[in-house]
Each structure stands twice: as C-alpha cells, then as structure tokens.
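Comments concern the structure below.
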Amino acid sequence: MISVDNLAVEFNGGTLFSDVSFVINPTDKIALMGKNGAGKSTMMKIVAGVQKATRGGVRSPKDTVIAYLPQHLLTEDNCTVFEETAKAFKHVFDMRDEMDQLNKELETRTDYESDAYMKIIERVSDLGEKYYALEDVNYDAEVEKALKGLGFTQEDFIRQTNEFSGGWRMRIELAKILLQKPDLILLDEPTNHIDIESVVWLEDFLINKANAVMVISHDKAFIDNITNRTIEVTMGRIYDYKANYSHYLELRKERRAHQLKAYQEQQKFIAETKAFIERFKGTYSKTNQVASRERMLEKLEIIEIDEIDNSALKLRFPPAPRSGDYPVTVKDVSKSYDDKVVFKDANLSIARGEKVCFVGRNGEGKSTMIKAILNKIEVEGTCELGHNVKVGYFAQNQAALLDPKMTVFQTVDEVAEGDIRTQIKNILGRFMFSGDDLDKKVGVLSGGERTRLAMVKLLLEPVNLLILDEPTNHLDLKSKDVLKEALKSFDGTLILVSHDRDFLQGLSQKVFEFKDQRVIEHFETIDAFLERNRIDKIADINLVK
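Each residue of the sequence shown is one higher than the one before, counting from 86 in the numbering used here.
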C-alpha cells in the first residue's frame with residue numbers, strides 16, 4: 086500500500102493543489118483525470134519520486150518498486166533493442182554477479198575467523214536468499230514476448246536503439262517497465278505512439294499481469310478497459326471514485342448537480358440573512374439576533390461549485406469543392422526500402438465522400454501509402470488523384486514541424502491569404518487561442534496546443550480530400566470529441582490513420598488493413614473489423630496466456 090499524504094504544490098505565488106491525500110492499494114487500476122493544467126502530470130511525478138512537493142509526501146513499504154513512464158523521453162544509449170530491454174532484469178543479474186564474485190573471494194581467503202570473512206558470508210547468504218527466492222524465469226523469453234507484444238520484430242532485436250524514432254524508444258522503455266513487474270506502474274499518455282494491436286496487448290498485460298497502475302490518458306477506450314478507479318484533480322483538490330471513466334462521468338454530473346442545488350440554497354439563505362440584518366440593524370430589541378446572524382455569516386463556509394472546462398474547439402471544416410467520382414486510385418503499387426518490402430501489388434480505390442481508415446501495426450506501410458498517394462515518394466505502379474482533388478494533409482509529426490520561434494499569430498498569418506487574413510484572430514479564438522495566447526512562442530506550447538495550431542493551418546483553405554495521420558496525439562478527450570464530430574459532418578473524402586479505437590468508432594465505412602506486405606480491403610467498420618479478427622485476444626502472437 087502506497088500512501089499519498091497532504092500533498093501541496095505551490096509556484097509563482099499560486100497553488101496548483103493542496104492537502105491532497107489518497108491511498109494506492111495493490112490491485113488498484115487508477116485513471117488520473119482533470120483538465121489540462123490541473124496538475125495531473127505533476128502529481129504523477131511526485132508519486133514517482135522525480136519531483137518534490139511543496140508540502141506533504143509519499144510513503145510506501147521498504148523495497149516497494151515504482152516504475153514511471155513519462156510523456157517524453159530524453160534517454161540516449163548505444164546498445165541493441167534486446168540489450169536495452171534486458172536491463173529490466175539488471176538487479177537480478179547484478180545479484181548473481183555479486184554472489185559469483187564474493188564466492189570466488191571466499192575460495193581464496195584463509196582468514197576464516199575474521200570479521201571481514203564473516204561479513205562476506207553474511208552478504209552471500211543474504212543475496213542467495215533473495216536470488217533463489219525469485220521465480221524461475223527464462224529472461225530472454227520474457228524480453229522477446231514483451232518486445233513482440235509492443236510491435237517489434239525479431240529482426241529489430243539486434244538493431245541499435247538510436248536507429249529508432251522517439252515513439253519506438255518509448256516502447257522500449259515501456260517494455261522494461263512491464264518486465265520489472267513493479268508494485269506500481271505510472272503511465273503518462275502511454276498509447277500516443279503505439280498501434281491498435283499493441284494497445285490491446287498493453288491493456289491485457291495491465292489488466293491481467295500488472296499490480297497497481299495509475300495512468301493519464303486521453304484514450305477513452307483504453308482507460309475504460311483497464312481502470313477500476315478514477316481520481317479527478319480539479320480546483321486544487323481531488324475527488325476519488327471507485328469507478329472507471331465512463332461511470333465517473335455520470336457520478337461527476339450527479340455531484341455537480343448536488344453542489345449546484347446546495348450552492349443555490351446557501352445563496353438564498355445568505356440573501357435572506359443579509360436582508361434581516363439590514364432591516365433590523367439599529368433596532369434595540371433585535372440587537373442580539375442581528376449580532377448572532379452577522380457572526381453566522383462570518384463563519385459560514387461558502388460552497389464552491391467545481392469548475393467545468395467549457396472551452397472547446399468550435400470546429401467545422403469548410404464546404405468541400407466537388408471532386409471527381411474517385412479522388413484516390415492505387416493500382417499495383419509496390420514499395421521497398423533496400424531489401425525490406427513494405428507492401429507489394431497494392432490496389433485500392435476510394436470514392437467521393439467515402440470515409441476510410443488505414444489500420445495495421447507500425448511499420449506495415451500506412452504512412453508510406455499516404456506518401457505514395459501524395460506523390461511524396463517514388464513507387465512501382467500508379468497512384469492517381471482524381472479530377473479537381475484538393476488535398477488537406479495532417480502528418481503524424483505535423484505539430485512538431487511548426488517553427489518554435491514564431492508566435493501563434495505569426496504561424497497562421499504566414500500561410501493565410503486574401504480576405505482570410507482579416508479573420509485570423511477569430512479563427513484562432515475558435516481554437517482556444519485568444520488574448521495573450523496569440524503572442525506566445527510555439528516553443529512554449531503544450532503538445533495539445535501545437536496540434537490545435539497545426540489544425541488551424543489545415544483549415545485555411547477548402548479541401549475535398551482530407552488525409553489525417555494520427556491527428557489525436559496530444560489532444561484531450563473533449564478536443565477529440567469535437568474533432569470527431571467535425572469529421573462526421575465533413576462532406577469530402579476522408580482517409581484516417583489512428584490507433585484510437587474510440588475515435589475511429591462511427592467514422593469509417595471501410596477499413597484498409599496493412600499486414601504482411603499486403604493491403605486488404607474490408608467493407609466494415611473498425612469495430613466489426615476488430616471483432617472479426619479477434620484482435621482483442623491477440624491470439625496471433627499468443628503472448629499473454
């Protein structure tokens with residue numbers, strides 16, 4: 086059991102939260118929720134021990150292992166993927182090596198009666214007790230299972246970690262954490278860089294094999310599936326619910342309704358009391374009653390109503406100009422990088438107004454196909470855009486491509502043309518950028534803010550083919566809901582790449598699956614696709630039996 090006691094964080098004269106206390110039990114699966122800026126990541130860092138609180142602290146039994154996966158990794162190394170992941174068992178290997186070293190020393194020493202000799206004997210005994218009490222584990226096999234479950238291939242195991250992108254390096258760190266089997270796993274946005282199959286594998290692991298878990302995530306399906314408790318951080322305090330996210334939303338609505346009713350009744354009481362005081366002030370016979378009610382008001386604790394984040398994107402895509410009947414046609418397309426075949430003889434056609442999604446493990450060619458459609462790379466075969474097709478493209482790293490030295494206003498002003506330039510402030514306001522926000526440098530914006538700003542640039546001219554590659558990374562749940570509704574009402578053609586099952590639900594009429602160097606067309610929704618392929622059980626890799 087891990088105890089969080091009276092935590093408070095203050096900075097720049099303000100209070101982020103104060104007097105926060107709760108207990109994390111061995112089987113708790115906790116969703117840490119709250120609006121952006123409420124202090125979720127800060128609280129998680131304090132529990133992880135990587136940040137200090139202004140007051141209060143975290144207590145846990147001796148030898149408790151807490152593992153933390155932050156949103157952004159800054160690690161650098163020069164070993165293989167397998168070697169780096171195997172570091173999860175470093176403490177085991179260190180114990181074994183120390184025992185071997187001490188036993189060799191005992192073989193050569195002859196001072197059997199000395200204190201130094203006895204200390205070595207005691208240390209070997211202590212290490213041996215811990216080492217041989219460990220479960221008999223095939224460590225190489227465990228590393229292999231974790232890496233394959235998170236999307237790595239056997240060929241990846243011997244590649245240097247510095248050959249991989251930040252998202253894949255995040256998976257390596259995640260694999261190390263899972264293999265350590267810690268008492269508490271802390272995950273800050275763990276699904277941002279992994280595909281649907283790996284998310285499902287991670288869910289299964291956290292549900293069936295992990296001990297306590299605390300997670301911050303904007304993936305509704307993920308947190309609903311794995312959590313049994315929700316802690317909401319709001320207005321400097323917390324509310325603790327023994328419920329998953331969807332149930333928590335219902336309970337929060339009820340709580341606020343009760344708060345509002347109590348607040349209204351209290352305000353009515355205050356008004357009546359003030360009226361009495363005003364009416365009878367100076368009346369000799371009512372002096373004691375007036376004084377009593379004045380003291381009552383002074384001591385009265387005013388009921389506060391929890392804030393609701395009413396800020397949201399007011400997002401609507403411009404009407405799509407009419408295109409030809411088939412905006413996208415791909416015929417017998419193949420793509421290889423050196424000896425690696427990404428896909429071969431791929432064929433697909435997308436009709437005007439269709440909404441489709443590309444799914445498959447990372448590295449199977451989804452983004453490559455998009456680049457081929459946009460003629461950004463050379464391929465064998467033909468990729469054709471139809472008559473009068475105007476493309477709007479949101480790349481997976483679109484937010485990262487923004488110039489960090491430019492202001493929010495300059496970023497949009499740079500690409501705006503014609504009459505639209507007079508409406509820049511209004512457009513930015515719809516995306517929750519107003520006032521001083523317009524002068525902020527892009528470099529100080531959060532991931533969600535950068536994503537919203539990149540989306541503004543996409544909206545500056547009408548398009549009829551919208552291609553979005555992982556558009557929801559770093560967007561909060563509310564912003565994702567608004568984007569989803571806007572895409573539903575978009576009257577053009579949509580190609581969507583996303584690992585977020587809840588976001589995809591109801592958006593696509595067709596699925597293109599990228600698998601084993603092939604592109605397979607399925608005339609079904611993403612939910613039907615997942616169910617039919619039983620990806621939720623990931624029987625094909627058979628890793629979590």
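No residue lacks a Cβ here, since even glycine has one placed at the ideal position from N, Cα and C.
Because the structure is a prediction, the values reported are computed rather than measured.
If residue i and residue j are in contact, beta carbons under 8 Å, what's the gap, nearest whole angstrom?
{"i": "Ile-109", "j": "Leu-269", "result": "6 Å"}
{"i": "Val-89", "j": "Ser-106", "result": "6 Å"}
{"i": "Ile-308", "j": "Val-300", "result": "6 Å"}
{"i": "Glu-616", "j": "Val-596", "result": "Glu-616 to Val-596, Cβ: 12 Å. No contact."}
{"i": "Pro-412", "j": "Gly-471", "result": "4 Å"}
{"i": "Ala-436", "j": "Val-604", "result": "Actually they are not in contact, since the Cβ atoms of Ala-436 and Val-604 sit about 17 Å apart, beyond 8 Å."}
{"i": "Glu-469", "j": "Thr-507", "result": "About 37 Å separates the two Cβ atoms, so there is no contact after all."}
Which residues in the same chain have their Cβ closer than 6 Å to the Cβ of residue i, if we skip the five residues on either side of it in sequence?
{"i": "Ala-306", "result": "Arg-586, Asp-587"}
{"i": "Asn-310", "result": "Glu-288"}
In three-state terms, what does DSSP make of residue i?
{"i": "Met-180", "result": "helix"}
{"i": "Asp-309", "result": "helix"}
{"i": "Asn-91", "result": "strand"}
{"i": "Ile-462", "result": "coil"}
{"i": "Ala-297", "result": "strand"}
{"i": "Gly-234", "result": "helix"}
{"i": "Arg-244", "result": "coil"}
{"i": "Met-517", "result": "coil"}
{"i": "Ile-316", "result": "strand"}
{"i": "Gly-477", "result": "strand"}
{"i": "Lys-456", "result": "helix"}
{"i": "Ile-512", "result": "helix"}
{"i": "Leu-159", "result": "With a pLDDT of only 49 at Leu-159, under the threshold of 50, the placement of this residue in the model should not be trusted; the figure read from the coordinates follows. If DSSP states are grouped into helix, strand and coil, Leu-159 belongs with coil."}
{"i": "Leu-560", "result": "coil"}
{"i": "Asn-97", "result": "coil"}
{"i": "Tyr-326", "result": "strand"}
{"i": "Ala-624", "result": "Bear in mind that the predicted position of Ala-624 carries a pLDDT of just 43, short of 50, making it unreliable; the figure below should be weighed with that in mind. If DSSP states are grouped into helix, strand and coil, Ala-624 belongs with coil."}
{"i": "Lys-630", "result": "Low local confidence applies: a pLDDT of 31 at Lys-630 is under 50, so the model's placement there is unreliable, with the coordinate-based value given in what follows. In this structure, Lys-630 counts as coil in the three-state DSSP scheme."}
{"i": "Tyr-369", "result": "helix"}
{"i": "Leu-154", "result": "strand"}
Locate the alpha helix (DSSP H) running through residue i, then write down its first and last residues.
{"i": "Glu-350", "result": "330–365"}
{"i": "Gly-533", "result": "532–543"}
{"i": "Leu-589", "result": "586–589"}
Output needed for residue i: all residues of its chain with C-beta closer than 7 Å, excluding positions within five of it in sequence on either side, in chain order.
{"i": "Leu-159", "result": "Since pLDDT at Leu-159 reaches only 49, below the 50 mark, its modelled position is unreliable, and no value is offered."}
{"i": "Val-548", "result": "Ala-405, Lys-475, Val-476, Gly-477, Gly-577"}
{"i": "Val-500", "result": "Lys-542, Leu-545"}
{"i": "Arg-194", "result": "Tyr-202"}
{"i": "Glu-227", "result": "Leu-264"}
{"i": "Glu-449", "result": "Phe-599, Lys-600"}
How far does the beta strand (DSSP E) with residue i in it extend, from its first residue to its last?
{"i": "Gly-438", "result": "That residue, Gly-438, is in no beta strand (DSSP E); it is neither H nor E in DSSP."}
Taking the alpha-carbon positions, what's the residue i to residue j distance?
{"i": "Asp-598", "j": "Gly-477", "result": "One point to set straight first is that residue 598 is Glu, not Asp, in the sequence displayed. Whole-angstrom Cα-Cα distance: 22 Å."}
{"i": "Asp-185", "j": "Asp-280", "result": "43 Å"}
{"i": "Ser-377", "j": "Gln-351", "result": "17 Å"}
{"i": "Asn-686", "j": "Met-381", "result": "Limits of the chain in this structure are 86 at one end and 630 at the other, which puts residue 686 out of reach."}
{"i": "Glu-339", "j": "Tyr-333", "result": "10 Å"}
{"i": "Asp-521", "j": "Asn-91", "result": "34 Å"}
{"i": "Val-211", "j": "Arg-181", "result": "According to the sequence provided, residue 211 is Asp. The question's Val does not apply to it. Each residue's Cα considered, the two are about 12 Å apart."}
{"i": "Lys-327", "j": "Gly-528", "result": "39 Å"}
{"i": "Leu-579", "j": "Ser-593", "result": "9 Å"}
{"i": "Phe-290", "j": "Glu-169", "result": "20 Å"}
{"i": "Pro-275", "j": "Asp-423", "result": "32 Å"}
{"i": "Gly-409", "j": "Glu-229", "result": "48 Å"}
{"i": "Ile-390", "j": "Gln-349", "result": "10 Å"}
{"i": "Asp-601", "j": "Gln-590", "result": "25 Å"}
{"i": "Lys-456", "j": "Asn-329", "result": "39 Å"}
{"i": "Lys-622", "j": "Ile-292", "result": "Residue placement at Lys-622 cannot be trusted, given a pLDDT of 44 that sits under 50; the coordinates are not used to answer."}
{"i": "Asn-247", "j": "Ile-131", "result": "29 Å"}
{"i": "Arg-140", "j": "Asn-313", "result": "29 Å"}
{"i": "Ser-199", "j": "Ala-152", "result": "41 Å"}
{"i": "Val-177", "j": "Asn-223", "result": "12 Å"}
{"i": "Gly-367", "j": "Gln-374", "result": "11 Å"}
Looking only at its chain, what residues have a beta carbon closer than 8 Å to the beta carbon of residue i, apart from the 5 residues adjacent to it on each side?
{"i": "Thr-453", "result": "Lys-420, Val-427, Phe-428, Ile-462"}
{"i": "Pro-78", "result": "Since the first and last residues shown for the chain are 86 and 630, residue 78 lies out of range."}
{"i": "Arg-537", "result": "Leu-398, Phe-516, Met-517, Phe-518, Leu-560, Ser-564"}
{"i": "Arg-322", "result": "Phe-102, Ser-103, Asp-104, Val-105"}
{"i": "Asp-488", "result": "Thr-496, Val-527"}
{"i": "Gln-481", "result": "Ser-452, Asp-554, Glu-555, Asn-558, Val-582"}
{"i": "Gly-438", "result": "Asp-576, Gly-577, Thr-578"}
{"i": "Met-129", "result": "Leu-117, Tyr-153, Leu-271, Asp-273, Met-299, Ile-301"}
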